[in-house]
Amino acid sequence: MKLWRSVVGKLWMTILFLVSFVLSILTFMLLGFFEQYYVDRAEEDLTQVASKIARVMEEHEDQSLARSISWEIVDPLTKVIIAQDDDHYWYSPSKGEVIDIPLSFLKNDKELSKVISNQETVIKKTEYSSIMEGGDEFKEIIIVGVPFTSQVGEESAVFLYQTLDAVEQTTDQTTRLIFLAAGIAFMLTTFFAFFLSSRITSPLIKMREAAFEIAEGKFETRLPVVTHDEIGELGTAFNKMGKQLKLNIDALRQEKEQLSSILSSMVDGVITLNRNGVMQLSNPPAERFLQAWYYEQGMEENLEKAVPIEMRELFGRVVSFEGEQLIEMDFQGRNWVVVMSPLYNGEQIRGAVAVIRDMTEERRLDKLRKDFIANVSHELRTPISMLQGYSEAIIDDIAETEQEKKEIAEVIYEESLRMGRLVNELLDIARMEAGHIQLQEEPVNVHEFIERVVRKFHGLSKEKSIKLSYYCENCEEHMISFDPDRMEQVFTNLIDNAIRHTDSGGTVVVKANIIENGFKVDVQDSGSGIPNEDLPFVFERFYKADKARTRRKGGTGLGLAIVKNIIDAHQGQISVHSKINEGTTFSFFLPRK
Numbered sequence: 001m002k003l004w005r006s007v008v009g010k011l012w013m014t015i016l017f018l019v020s021f022v023l024s025i026l027t028f029m030l031l032g033f034f035e036q037y038y039v040d041r042a043e044e045d046l047t048q049v050a051s052k053i054a055r056v057m058e059e060h061e062d063q064s065l066a067r068s069i070s071w072e073i074v075d076p077l078t079k080v081i082i083a084q085d086d087d088h089y090w091y092s093p094s095k096g097e098v099i100d101i102p103l104s105f106l107k108n109d110k111e112l113s114k115v116i117s118n119q120e121t122v123i124k125k126t127e128y129s130s131i132m133e134g135g136d137e138f139k140e141i142i143i144v145g146v147p148f149t150s151q152v153g154e155e156s157a158v159f160l161y162q163t164l165d166a167v168e169q170t171t172d173q174t175t176r177l178i179f180l181a182a183g184i185a186f187m188l189t190t191f192f193a194f195f196l197s198s199r200i201t202s203p204l205i206k207m208r209e210a211a212f213e214i215a216e217g218k219f220e221t222r223l224p225v226v227t228h229d230e231i232g233e234l235g236t237a238f239n240k241m242g243k244q245l246k247l248n249i250d251a252l253r254q255e256k257e258q259l260s261s262i263l264s265s266m267v268d269g270v271i272t273l274n275r276n277g278v279m280q281l282s283n284p285p286a287e288r289f290l291q292a293w294y295y296e297q298g299m300e301e302n303l304e305k306a307v308p309i310e311m312r313e314l315f316g317r318v319v320s321f322e323g324e325q326l327i328e329m330d331f332q333g334r335n336w337v338v339v340m341s342p343l344y345n346g347e348q349i350r351g352a353v354a355v356i357r358d359m360t361e362e363r364r365l366d367k368l369r370k371d372f373i374a375n376v377s378h379e380l381r382t383p384i385s386m387l388q389g390y391s392e393a394i395i396d397d398i399a400e401t402e403q404e405k406k407e408i409a410e411v412i413y414e415e416s417l418r419m420g421r422l423v424n425e426l427l428d429i430a431r432m433e434a435g436h437i438q439l440q441e442e443p444v445n446v447h448e449f450i451e452r453v454v455r456k457f458h459g460l461s462k463e464k465s466i467k468l469s470y471y472c473e474n475c476e477e478h479m480i481s482f483d484p485d486r487m488e489q490v491f492t493n494l495i496d497n498a499i500r501h502t503d504s505g506g507t508v509v510v511k512a513n514i515i516e517n518g519f520k521v522d523v524q525d526s527g528s529g530i531p532n533e534d535l536p537f538v539f540e541r542f543y544k545a546d547k548a549r550t551r552r553k554g555g556t557g558l559g560l561a562i563v564k565n566i567i568d569a570h571q572g573q574i575s576v577h578s579k580i581n582e583g584t585t586f587s588f589f590l591p592r593k
């Protein structure tokens, strides 16, 4: 930065200009004063000397002696003319370089002629031209004329004059002294002005540097306070400001981090929009919502921070009605509810905040609740109707023979068993999903356990002409810890389902494999298979790919849900793979404890 553009330069130049202006005026005034002072003193001195000579000439009878005395009174720079008349006048002897002025010059001057004619004292400053060394020179002289009466009674006059060279010399010397003093004063002023301005602006420069550091985020910057004047107080205020600013910034940062943490940990999505409907802020759930919408629209992610058209329309309604608005949106197989409220800046709306909630799970659970009630009612209605009908047949004596009554009783018994199984399975799955299942784990020989469970289904498989086989790799003498009763329920459900959904002549294979971190089981059949659209839902309660066929085969739709809950309780995993008319494979894995 250039000096004259800085505060130091401006303050320094201002002080120098003021001091220079004052010194200039003072110098000119002093020069005029001293010049006039010396002239006045010279006129006063000449008047006193002239009056003294006039008295001497009046008091002495011996005029020659009086003139001698008069010559001794004047100094070498002064010339005396004693004029008695036009023919009698005397000049004082020349003691210095003083020019001789003819008496006629004095008498021809109107003012000086009054000295003799009117007997008046005259003081005059005039110019006199003389020929000196072959050239014209004008001399400025002071002439004082004092009248007196000579001893013979004639009106006479004494003229004293001297050039102003002495005054000019004195004035020149005084001028040099004044200019010397002014120069010294100017130099001292320059030094002290620069020193003072530097001392004043040095804290300001440090304050400027500190302000830039604070602007860069260095809020711990502090100014040294070395004075107790206004600048020191300004430095103290600056330090307090920096400290308070750091506290405020830290508080804002903490609030921002807290708000960011809250937004990031929220299950619901949050989007803020400005007055023009442009998105400004979003949290991760909202980003997932937008990404799903971008994919649905075939757009690139975060393209100009675009928001769905439905939300823009909702924003328009929020701004128009200045109140909360709500819409529901469905895309990518999920259901979203968007609640938008206005944000105010004083009394004006400065934007809006939208809360986005993924209601897919809630809708699914609500549907499951409704389906559960419908399925339970449907599953219980058939056996209850049959129990009611056959009971009425017995009461109305429709069955006449013992054989008919026995057949009716068997139907009632089977339907009551079916209702009991349904109720027990509902109770089991309710306890499991509520987390009340308690496993009684113990080391079990895997080979013997699976072989025993598979043996129970040999009769059923032979009855349906289905080949049931079992294979186990690395199972001999291996012990795995699990709850045998619960795992037997798992095997029973999977093998029973495989047999029931496999036609005569088909195969059902149970494969087990002991691996390093647990054991894996596959229950594979060659049945009709499960459609691809039904595979994601086979482990849900009461879900049946073919409800009519399943009911004919005695299924309730709860077996696979129970199986999944038991496997989950053992920290295992279960999956299903199927192809239509080729078969289905259920696979589960239990980790080694």
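First residue of the sequence shown? That's 1 in UniProt numbering, and the numbers climb one at a time after it.
Note that CB positions come from ideal geometry on N, CA and C, so glycine has one too.
Rounded separation between Arg455 and Glu287 - CA only: Approximately 55 Å between the Cα atoms of the pair.
Cβ of Ile514 within 9 Å of Cβ of Val411? Going by C-beta atoms, Ile514 is not nearer than 9 Å to Val411.
Start-to-end residues for the alpha helix (DSSP H) that takes in Lys511: Where Lys511 is concerned, there is no enclosing alpha helix (DSSP H), although the beta strand (DSSP E) around it starts and stops at 507-515.
Could you work out which residue in Leu65, Trp293, Leu177, Asp45 is closest to Asp75 when comparing CA atoms only? Cα-wise, what sits closest to Asp75 is Asp45.
Taking the runs of the alpha helix (DSSP H) that are 4 residues or longer, which of them lie wholly in the stretch 343-392? Segments of the alpha helix (DSSP H) lying fully in the stretch 343-392: there are none.
Assuming Gly583 and Ser526 are in contact, meaning their beta carbons sit under 8 Å apart, how far apart are those beta carbons, in whole angstroms? Indeed, because the Cβ distance is near 4 Å, the residues count as touching under 8 Å.
Leaving aside the five residues before and after Thr27 along the sequence, list all residues of the same chain whose C-beta is less than 6 Å from its C-beta, in chain order. Within the same chain, Thr27 has close Cβ partners Ile178, Ala182.
Please say whether Ser282 and Val270 have beta carbons closer to each other than 9 Å? Yes, the Cβ-Cβ distance between Val270 and Ser282 is below 9 Å.
Could you give the distance in angstroms between the alpha-carbon of Ile398 and the alpha-carbon of Gln388? Roughly 14 Å separates the two Cα atoms.
Boundaries (first-last residue) of the alpha helix (DSSP H) holding Thr492: Here the alpha helix (DSSP H) through Thr492 covers 484-500.
Burial state of Pro102, where buried means 16 or more other Cβ atoms lie within 10 Å: Exposed: under 16 other Cβ atoms inside 10 Å.
Can you tell me the Cβ-Cβ gap for Asn239 and Arg222, rounded? I've got them flagged as a contact below 8 Å. At roughly 5 Å, the Cβ-Cβ gap stays under 8 Å, so Asn239 and Arg222 are in contact.
Kindly identify the DSSP beta-bridge partner or partners of Gln162. Note: Gln162 is bridge-paired with Ile142 in the DSSP secondary-structure output.
Tell me where the alpha helix (DSSP H) around Met311 begins and ends. Taken as a continuous stretch (DSSP letters only), the alpha helix (DSSP H) holding Met311 covers 309-321.
Report the partner residues of residue 599 according to the DSSP bridge assignment. Outside the displayed span of the chain (1 to 593) sits residue 599, for which this structure offers no information.
Pairwise C-alpha distance: Thr189 and Lys79: Between the alpha carbons of Lys79 and Thr189 lies a distance of about 47 Å.
Given Val576 as reference, the closest of Lys593, His570, Phe537 once Cα atoms are compared: When C-alpha distances from Val576 are compared across Lys593, His570, Phe537, the shortest belongs to Phe537.
Backbone secondary structure at Lys547 - three-state DSSP: Any answer about Lys547 is weak, because its pLDDT of 47 lies below 50 and its placement is not dependable; what the coordinates show is given next. Here DSSP, grouped into helix, strand and coil, assigns Lys547 to helix.
CB-CB under 6 Å to Lys564, same chain, minus the five flanking residues each way: which ones, in chain order? The answer, listed in chain order, is Phe539, Ile574.
Quick check on this structure: which residue in Leu343, Ser377, Glu451 has the alpha carbon closest to the alpha carbon of Ser320? Of all alpha-carbon atoms in Leu343, Ser377, Glu451, the one lying nearest the alpha-carbon of Ser320 is that of Leu343.
Per DSSP, what kind of secondary structure is Ile131 in: helix, strand or coil? Residue confidence for Ile131 is low, a pLDDT of 45 falling below 50, so the modelled location carries little weight and cannot support an answer.
Measure how close the beta-carbons of Leu427 and Asp483 come, nearest whole angstrom, since I'm counting them as under 8 Å. Taking C-beta atoms under 8 Å as the contact rule, Leu427 and Asp483 fail to qualify, at a distance of about 17 Å.
Buried or exposed: which applies to Ser578, given that a residue is buried once 16 or more other Cβ atoms fall within 10 Å of its Cβ? Only buried fits Ser578, as 16 or more other CB atoms lie within 10 angstroms of its CB.
Outcome for Arg486 when other beta-carbon atoms lying within 10 angstroms are tallied against a minimum of 16: Counting Cβ neighbours within 10 Å, Arg486 comes out buried, since at least 16 surround it.
Please work out which residues of its chain come closer than 6 Å, Cβ to Cβ, to Ser443, disregarding the five sequence neighbours upstream and downstream, and give them in chain order. A small correction: the amino acid at residue 443 is Pro; Ser does not occupy that position in the sequence shown. So the qualifying residues of the chain are Met479, Ser481.
Please return the same chain residues whose Cβ sits closer than 6 Å to the Cβ of Val490, not counting the five positions on each side in sequence. Listed in chain order, the non-local C-beta contacts of Val490 below 6 Å within the same chain comprise Val563, Ile566, local neighbours out to five positions each way being set aside.
Local conformation of Arg552 per DSSP, three classes: With a pLDDT of 45 at Arg552, under the threshold of 50, the modelled position of this residue cannot be trusted; read the value that follows with caution. Three-state result, Arg552: helix.
Limits of the unbroken alpha helix (DSSP H) element including Ile73: First-last of the alpha helix (DSSP H) with Ile73: 63-73.
Contact between the stretch 245-252 and the stretch 307-325 (3+ Cβ pairs under 8 Å): Fewer than three beta-carbon pairs drawn from the stretch 245-252 and the stretch 307-325 are found closer than 8 Å, and the two stretches are therefore not classed as touching.
Near the ligand FAD: Ile143 beta-carbon under 8 Å from a heavy atom: In terms of ligand content, the structure shown is empty, and the ligand FAD therefore cannot be addressed.
Nearest CA to the CA of Lys464: which residue from Ile15, Ile82, Thr507, Cys475? Ranking the options by Cα distance to Lys464, first place goes to Thr507.
Using three-state DSSP, classify Phe589 as helix, strand or coil. In the structure shown, Phe589 sits in a strand (DSSP, three-state: E or B).
Tell me which same chain residues have a C-beta within less than 6 Å of the C-beta of Arg592, skipping the five on either side of it? Once the five neighbours on either side are set aside, the close Cβ partners of Arg592 are Asn517, Gly518.
Check for me: the alpha helix (DSSP H) holding Thr236 runs from which residue to which? According to the DSSP assignment, Thr236 belongs to the alpha helix (DSSP H) that extends over 230-265.
Under three-state DSSP, which class holds residue 598? Outside the displayed span of the chain (1 to 593) sits residue 598, for which this structure offers no information.
By DSSP's criteria, Phe520 is part of a beta bridge. Which residues make up the other side? Here residue 520 turns out to be Lys, not Phe, going by the sequence shown. Residue pairing of Lys520 in beta bridges, as defined by DSSP: Asn513, Phe589.
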